[in-house]
Amino acid sequence: MISKFQISHKWKKFGWILLIPSLVLGPFNVYYEFEPEFLSVRVFAIFNEVIIFSNPEDGPLRFITNNILDELLAIGVIAGALIIILSRETDEDEYIRLMRQEAMFWAFIVNSILLLLMVCFIYGMSFLHVMIFNLFTPLILFVLRFQYVLYRSRHKAEAQ
């Protein structure tokens, strides 16, 4: 049975092409503040930290100059992970759908436990970085868990 939310298996490679470079460059961008000049462009901001302290007459809706590398990397992680998650396997069946469901539940539980630990032990501005990374951890945990369970299942089947 094919879920109405799944897409063709052919998209999975494109998802990996988006996800892997974004995952590698994301932390590099955050910690080393790498901002290529050509990515500094004028964008429409609904809300921006500069707006908080600006004149009330300016209002929150306006154009600002911003380096969009971090937004592009976030889009790469989210879109790449979603494409991988939604891509059918070549041999999609009920067992694989069950593995998907269990991987999603596992990712939710592990993410919740990690978040609980971070709330208890990380403070100040470091917590902001944790929350930024926590935006992506459910997707990443699901992709990693599902790919691992799928690999283990296929490896086990080949051994028999």
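Residue numbers (our numbering): 1415 to 1574.
Note that beta-carbon positions come from the ideal geometry of N, C-alpha and C, so glycine has one too.
This one's a predicted model, so the numbers in the text were calculated from it and none came from an experiment.
Short Cβ contact (8 Å threshold) for residue i with residue j
i: Asn-1404; j: Ile-1478; result: Look at the range of the chain in this structure, 1415 to 1574, and you will see that residue 1404 is not part of it.
i: Ile-1499; j: Phe-1550; result: no
i: Pro-1552; j: Ala-1517; result: no
i: Ile-1536; j: Val-1524; result: no
Alpha-carbon to alpha-carbon, residue j and residue i
i: Ile-1359; j: Leu-1487; result: Any answer about residue 1359 is impossible in this case: the structure gives the chain only from 1415 up to 1574.
i: Met-1532; j: Gly-1538; result: 12 Å
i: Ser-1540; j: Glu-1572; result: 45 Å
i: Gly-1490; j: Phe-1560; result: 19 Å
i: Ser-1567; j: Leu-1453; result: 43 Å
i: Tyr-1446; j: Ile-1421; result: 36 Å
i: His-1569; j: Ser-1501; result: 21 Å
i: Leu-1542; j: Val-1444; result: 11 Å
i: Ser-1526; j: Pro-1441; result: 21 Å
i: Tyr-1562; j: Tyr-1509; result: 15 Å
i: Lys-1426; j: Thr-1504; result: 11 Å
i: Leu-1558; j: Arg-1456; result: 36 Å
i: Ser-1417; j: Gln-1515; result: 12 Å
i: Gln-1574; j: Arg-1511; result: 22 Å
i: Phe-1428; j: Glu-1506; result: 19 Å
i: Trp-1430; j: Phe-1458; result: 30 Å
Bridge partners - residue i, DSSP secondary structure assignment
i: Thr-1551; result: Paired residue(s): none; Thr-1551 is not in a bridge.
i: Asn-1481; result: Ser-1454
i: Ala-1459; result: Arg-1476
i: Ile-1434; result: Beta-bridge pairing links Ile-1434 to no other residue.
i: Ile-1492; result: Beta-bridge pairing links Ile-1492 to no other residue.
i: Ile-1421; result: Ser-1501
Given residue i as reference, the closest of the options once Cα atoms are compared
i: Ile-1497; options: Leu-1453, Ser-1417, His-1423 and Gln-1574; result: His-1423
i: Leu-1439; options: Ala-1495, Thr-1504 and Asp-1484; result: Asp-1484
i: Leu-1529; options: Val-1457, Met-1513 and Ile-1546; result: Ile-1546
i: Asn-1480; options: Glu-1506, Asp-1507 and Pro-1450; result: Pro-1450
Integer-rounded CB distance, given that residue j should sit under 8 Å from residue i
i: Ala-1495; j: Ile-1554; result: 6 Å
i: Leu-1432; j: Ala-1493; result: 6 Å
i: Met-1513; j: Leu-1564; result: 6 Å
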